[in-house]
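Protein chains in written order, with the working numbering: chain A, 72 to 287; chain B, 19 to 327.
By construction, the Cβ of each residue, glycine as well, lies at the ideal position given by its N, Cα and C atoms.
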Amino acid sequence: MLISEQKQLEEILSYLEGDKNIFLIGCKGCAEGWGSGGEKQVAEMENTLQEKGKTVTGSVVVDMLCDSALTKLKLRAYKKEIAAADSILVLTDGAGVQTVAELVDKLVHPGCNTLSSGGAHAEWKEAERCLECGDCMLEFTGGLCPIARCSKHLLNGPCGGSQDGKCEVDPDIPCVWQQIVDRLTKLGKLDKLERLVTPKNWSVSLTSGPPVRRLS
Amino acid sequence: MKTKSNLERVLEAGQFAVTGELGPPQSADSEVIRRKAKILKGSVDAFNVTDGQTAVVRMASWAACLIGKEEGLEPIVQMTCRDRNRIALQMDVLGIAALGINNMLCLTGDHQKFGNHPMAKGVYDLDSIQFVKMVKDMRDERKFQCGEEIAVEPRLFIGAAANPFADPFEFRAARLAKKVAAGADFIQTQIIYNVDKFAEWMKMVRDRGLHERVKILAGVAPIKSVGAAKYMKTRVPGMDVPDSIIDRLQGVPKEEVSGEGIKLCVDIINQVREIEGVAGVHIMAIEWEEAVPEIVEAAGLLPRPKFVP
Numbered sequence: 072m073l074i075s076e077q078k079q080l081e082e083i084l085s086y087l088e089g090d091k092n093i094f095l096i097g098c099k100g101c102a103e104g105w106g107s108g109g110e111k112q113v114a115e116m117e118n119t120l121q122e123k124g125k126t127v128t129g130s131v132v133v134d135m136l137c138d139s140a141l142t143k144l145k146l147r148a149y150k151k152e153i154a155a156a157d158s159i160l161v162l163t164d165g166a167g168v169q170t171v172a173e174l175v176d177k178l179v180h181p182g183c184n185t186l187s188s189g190g191a192h193a194e195w196k197e198a199e200r201c202l203e204c205g206d207c208m209l210e211f212t213g214g215l216c217p218i219a220r221c222s223k224h225l226l227n228g229p230c231g232g233s234q235d236g237k238c239e240v241d242p243d244i245p246c247v248w249q250q251i252v253d254r255l256t257k258l259g260k261l262d263k264l265e266r267l268v269t270p271k272n273w274s275v276s277l278t279s280g281p282p283v284r285r286l287s
Numbered sequence: 019m020k021t022k023s024n025l026e027r028v029l030e031a032g033q034f035a036v037t038g039e040l041g042p043p044q045s046a047d048s049e050v051i052r053r054k055a056k057i058l059k060g061s062v063d064a065f066n067v068t069d070g071q072t073a074v075v076r077m078a079s080w081a082a083c084l085i086g087k088e089e090g091l092e093p094i095v096q097m098t099c100r101d102r103n104r105i106a107l108q109m110d111v112l113g114i115a116a117l118g119i120n121n122m123l124c125l126t127g128d129h130q131k132f133g134n135h136p137m138a139k140g141v142y143d144l145d146s147i148q149f150v151k152m153v154k155d156m157r158d159e160r161k162f163q164c165g166e167e168i169a170v171e172p173r174l175f176i177g178a179a180a181n182p183f184a185d186p187f188e189f190r191a192a193r194l195a196k197k198v199a200a201g202a203d204f205i206q207t208q209i210i211y212n213v214d215k216f217a218e219w220m221k222m223v224r225d226r227g228l229h230e231r232v233k234i235l236a237g238v239a240p241i242k243s244v245g246a247a248k249y250m251k252t253r254v255p256g257m258d259v260p261d262s263i264i265d266r267l268q269g270v271p272k273e274e275v276s277g278e279g280i281k282l283c284v285d286i287i288n289q290v291r292e293i294e295g296v297a298g299v300h301i302m303a304i305e306w307e308e309a310v311p312e313i314v315e316a317a318g319l320l321p322r323p324k325f326v327p
């Protein structure tokens with residue numbers, strides 16, 4: 072179980088700046104359970120975005136968004152709506168956002184911060200893609216997470232040890248920054264990486280202490 | 019001038035700068051540093067001291083810098099994000115400036131896996147670009163990373179590294195642009211053996227106008243043996259050693275290889291000097307400091323300019 076909460080609306084809207092048509096995705100698994108991106112929240116977000124002048128081209132709530140095979144199957148029915156969108160807003164944890172990023176050739180925006188796996192590590196391997204850091208950075212990294220997938224957690228691009236798509240630390244580790252650059256190049260959005268990503272807020276991560284304060 | 023740095027003066031005067039490198043010992047022996055500093059003195063404008071290179075425990079960079087400074091050299095302290103969070107980094111920045119060290123090279127750092135304590139926890143609270151920005155804001159805005167004010171700011175000449183040979187190659191100039199935007203005053207590159215690829219990267223750098231906003235020092239290093247060349251080619255991540263380099267070293271009798279390695283280094287210096295936008299060289303003769311005066315002289319880079327502080 073990945074525990075997530077929605078980001079502040081202002082933050083989400085800042086991600087969507089310049090995008091008029093949005094496709095919305097939620098998850099009936101963890102995000103439904105934690106009220107961050109289930110049926111109800113997706114419907115609410117659809118209304119909110121329309122009030123803010125956006126066009127929601129469509130929305131879907133997938134049973135287990137982090138399950139790549141299932142999500143691929145589900146999204147097939149929304150080809151037209153996704154094609155009509157400038158970008159996709161995903162209301163669930165970091166694992167789910169990255170599943171969508173890997174399946175769809177559109178920019179994805181994370182709508183939630185992932186706080187914790189609730190002690191249920193290793194229930195499914197997809198959760199490895201999210202380090203439950205509490206301050207989701209996927210907006211700035213092409214929808215693939217360097218906090219979980221870069222050996223140095225770099226936020227501003229690859230280090231000098233990226234070679235032939237592999238991380239210098241182990242030839243079995245793909246360099247996520249190579250993947251990020253490849254993905255944004257394919258989308259024609261490499262300029263997204265030109266901005267300086269500022270130091271991250273670690274005070275909301277589990278490294279700063281037990282999560283009780285957020286779960287009470 | 020932003021700082022009291024001799025390196026800044028040399029570069030601002032439009033002189034072709036020469037920096038060297040000094041690896042601190044895996045002990046508390048200060049004599050090693052004094053001996054190496056004496057070798058470098060007069061041949062370089064400033065010398066870097068590595069900060070736990072390859073994640074091996076060595077004497078703190080700032081301490082070795084201070085010992086070298088006592089020998090009359092200008093130090094460039096290297097500092098990595100691998101072992102320090104933003105609190106520790108800023109404390110060290112203040113201390114280093116207070117000690118009269120004027121240059122700092124801001125790095126992410128070699129991963130702990132490669133060192134002698136692979137079980138250590140890597141910190142990586144900031145990356146090198148965020149680190150550069152933080153030092154720049156401390157110096158020019160007199161602000162800590164949290165936004166609080168600093169009464170006496172650290173006046174450091176800020177450096178960063180660049181590796182033109184790592185992947186994805188197309189993104190490397192963009193990454194340099196981010197370091198420049200973050201506030202880097204000078205850049206020292208990875209060791210160059212593939213001059214063509216370096217020239218290709220420099221073209222991308224010039225296309226972005228970056229060579230006019232930052233001083234780029236090309237990294238070079240003499241090779242002592244054929245084995246060392248092969249090791250760098252196959253085992254060191256982010257290094258590009260063309261076969262022609264290995265062939266050249268193999269083409270001379272064994273006792274002449276190290277001399278050929280020095281000549282090769284001088285040749286590379288002469289080639290990179292011709293590339294528009296290269297403001298100097300950074301000679302990394304780690305554990306072979308004796309080679310530096312010979313290289314600098316053979317490259318016609320002596321005497322080094324002198325400025326009265």
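Buried or exposed, going by whether 16 or more other CB atoms sit within 10 Å of the CB of residue i?
i	result
B/Val75	exposed
A/Ser287	Only weak support is given to the placement of A/Ser287: the predicted model assigns it a pLDDT of 44, under 50, and the question is left unresolved by the model.
A/Lys78	buried
A/Gln121	exposed
B/Phe325	exposed
B/Leu25	buried
B/Leu40	buried
A/Ser274	exposed
B/Arg102	buried
What residue range is occupied by the uninterrupted alpha helix (DSSP H) comprising residue i?
i	result
A/Asp243	A/Asp243 -> not in any alpha helix (DSSP H); beta strand (DSSP E) instead, spanning 241–245.
B/Val62	Where B/Val62 is concerned, there is no enclosing alpha helix (DSSP H), given that its DSSP letter is neither H nor E.
B/Pro93	From DSSP, B/Pro93 is part of no alpha helix (DSSP H) but of the beta strand (DSSP E) over 93–98.
B/Cys83	79–88
B/Ser262	261–268
B/Gln108	104–116
B/Ala246	244–253
B/Glu278	275–291
Could you check what DSSP says for residue i in three-state terms: helix, strand or coil?
i	result
A/Gln112	helix
A/Ser287	In this predicted model, A/Ser287 has a pLDDT of only 44, less than 50, meaning its place in the structure is not dependable; the value taken from the coordinates is given anyway. Coil.
A/Ile251	helix
A/Ser274	coil
A/Ser279	helix
B/His300	strand
A/Pro181	strand
A/Gly167	helix
A/Asn118	helix
A/Val161	strand
B/Gly177	strand
B/Gln163	coil
B/Gly237	strand
Name, please, each residue of chain B whose Cβ falls closer than 9 Å to the Cβ of residue i.
i	result
A/Lys257	Within chain B, no residue comes near A/Lys257; the closest Cβ sits about 12 Å away, beyond 9 Å.
A/Leu264	Phe189, Ala192, Arg193, Lys196
A/Leu267	Ile147, Gln148, Lys151, Lys196, Ala199, Ala200
A/Trp105	Correct list: empty, because the minimum Cβ distance to chain B is about 28 Å.
Rounded to the nearest angstrom, how far is the Cβ of residue i from that of residue j, given a contact under 8 Å?
i	j	result
B/Phe175	B/Ser23	4 Å
B/Phe34	B/Leu319	7 Å
A/Ile153	A/Lys177	7 Å
A/Gly228	B/Phe189	6 Å
B/Asp185	A/Gln249	6 Å
B/Glu92	B/Asn120	7 Å
A/Gln169	A/Arg147	Going by Cβ atoms, the distance from A/Gln169 to A/Arg147 rounds to 19 Å, so no, they are not a contact pair.
B/Ala192	A/Glu76	Incorrect: roughly 33 Å between the Cβ atoms, too far for contact.
A/Leu267	B/Lys151	6 Å
How far does the beta strand (DSSP E) with residue i in it reach, from first residue to last?
i	result
A/Cys98	92–98
B/Ile205	204–209
B/Gly38	35–40
A/Gly129	126–133
B/Glu305	Careful: B/Glu305 lies outside any beta strand (DSSP E) and carries neither H nor E.
A/Gln77	74–77
B/Met122	121–125
List the residues of chain B that residue i touches, going by C-beta distances under 8 Å, in chain order.
i	result
A/Ser233	Ala184, Asp185, Pro186, Gly256
Which residues in chain B sit within 7 Å of residue i, going by Cβ to Cβ distance?
i	result
A/Leu225	Thr126, Asp145
A/Gln249	Asp185, Pro186
Name the chain A residues that come within less than 8 Å of residue i, Cβ to Cβ?
i	result
B/Tyr142	Lys223, His224, Leu225
B/His129	Ser222, Lys223, Gly232, Glu239, Val240
Which residues in chain A sit within 7 Å of residue i, going by Cβ to Cβ distance?
i	result
B/Asn181	Gly231
B/Gln163	Pro270
Anything in chain A within Cβ reach of residue i, meaning under 9 Å, just list it in chain order.
i	result
B/Gln208	Gly231
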